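A.B. asks: One structure coming up, written as C-alpha cells, with questions to follow.
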Amino acid sequence: MTRTRPALVPLLLALGCGAQQEAPPPTFSVTFTAESDPGVPLEGVLVKANGNEIGQSDEDGLIQTMLRGPEGAGVQITYECPEGHRQPEEAKTLRLNRFASLDPSARTGLSMKLSCLPNERQAAFVVRTNGHANLPILINGQEVARTNEAGVAHIIRDAAPQSVFRLKIDTSGNERMRPQDPYTQFQLGDRDDVFVFAQDFEVEEPPRRRRRRRRRPRPRPIRITRIN
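Numbering follows the working numbering, with no gaps: position 83 of the sequence shown is 92.
Okay, structure coming up:
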C-alpha cells in the first residue's frame, strides 16, 4: 500500500512564513518514485522534505503526499537508501509550481525520481570452447568452473562497479591444444552485464615416430686359403 501524508504544517514553517497571511498557502500533490535502476522500483527509501519525514517508499517504489507552501517555493528533499544501496551525495530541490494540462483527465501533480544505485552489480560469464570438455575456467587466478560436455561454462559473480575480471581457460595437461592458456579481461560497469568468451581450439597431431632402418651388415671379405 502506498504511504501518504496530508499537508505538512512543519513544512510551511520551514519555508519561512512570517506575518499572518490573508489566505493559507496552496497545497501540492507530490509523488516520489524510488528506483534502484531506471524502471526498477525500490522499497524502503526514507524521504524527508525540509528535514521533516514524509514516509518510506512502498513495494512499487512510491510515496504520495501533499506539501503546502507558497507558489514557486523550493523544498529541500533528502532521502536515505536501504542497506545494499549507495546513499545520495546531495539533496534535491522540488519547486512548488502548478502546471495546467490540456487534458482534463491528466494528473497535474508534482513528481520526483529518487535513485539508489546498488553497491554491487552482477556479472554473468559465458565461456565457449568449440566442444572441449572439462577445461578449468579461472577468474583472477581462481578456478570457478569447468566446461561441460558441450564445451560451455556459465559463471555468475557479484562485484562492485568498475571491478576487473581476468578470465582464463586452463589448458595445462593438454599440451597439444592451441592456443595454450588463452585469457581475456572484462570490466564491470554500473549495471548488470553478460560477458562472452568464445575460444576455438585446435589440437595438434602427435609427432610421428620415425622408424629406424636396420642397417644391413657389410659383407665380409672372402678369404681364400690355398691348399697344397
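Glycine included, each C-beta is placed from N, C-alpha and C at the ideal position. Just so it is clear, the structure is predicted and the values come from calculations on it, not from any experiment.
Count Cβ pairs between the segment 136-151 and the segment 87-107 that sit closer than 8 Å; are there 3 or more?
C.D. replies: Verdict: no, contact absent.
A.B. asks: Among D179, Q96, L76, N59, whose alpha-carbon lies nearest the alpha-carbon of Q85?
C.D. replies: N59
A.B. asks: Report whether the distance from the Cβ of A154 to the nearest heavy atom of the ligand HEM is below 8 Å.
C.D. replies: Summarising the ligand content, the structure contains no ligands, and the ligand HEM is consequently not present.
A.B. asks: Comparing alpha-carbon positions, which option in E158, M186, C125 lies nearest E44?
C.D. replies: C125
A.B. asks: With DSSP as the reference, identify every bridge partner of Q189, one or two as the case may be.
C.D. replies: Beta-bridge pairing links Q189 to no other residue.
A.B. asks: Give the secondary structure of S181 by DSSP, where H, G and I count as helix, E and B as strand, and everything else as coil.
C.D. replies: Here S181 sits in coil by DSSP.
A.B. asks: Going by C-alpha to C-alpha distance, which of D201, G140, Q189, R166 sits closest to A159?
C.D. replies: G140
A.B. asks: What does the alpha-carbon distance come out to for the pair V173 and E129?
C.D. replies: 13 Å
A.B. asks: For Y192, does the count of other Cβ atoms within 10 angstroms reach 16, so buried, or fall short, so exposed?
C.D. replies: exposed
A.B. asks: Opposite I44 in the DSSP bridges: which residues?
C.D. replies: Residue identity check: residue 44 is Glu in the sequence provided, not Ile. BP columns for E44 point to P50, S124.
A.B. asks: Answer yes or no: do V212 and R187 have a C-beta to C-beta separation smaller than 9 Å?
C.D. replies: yes
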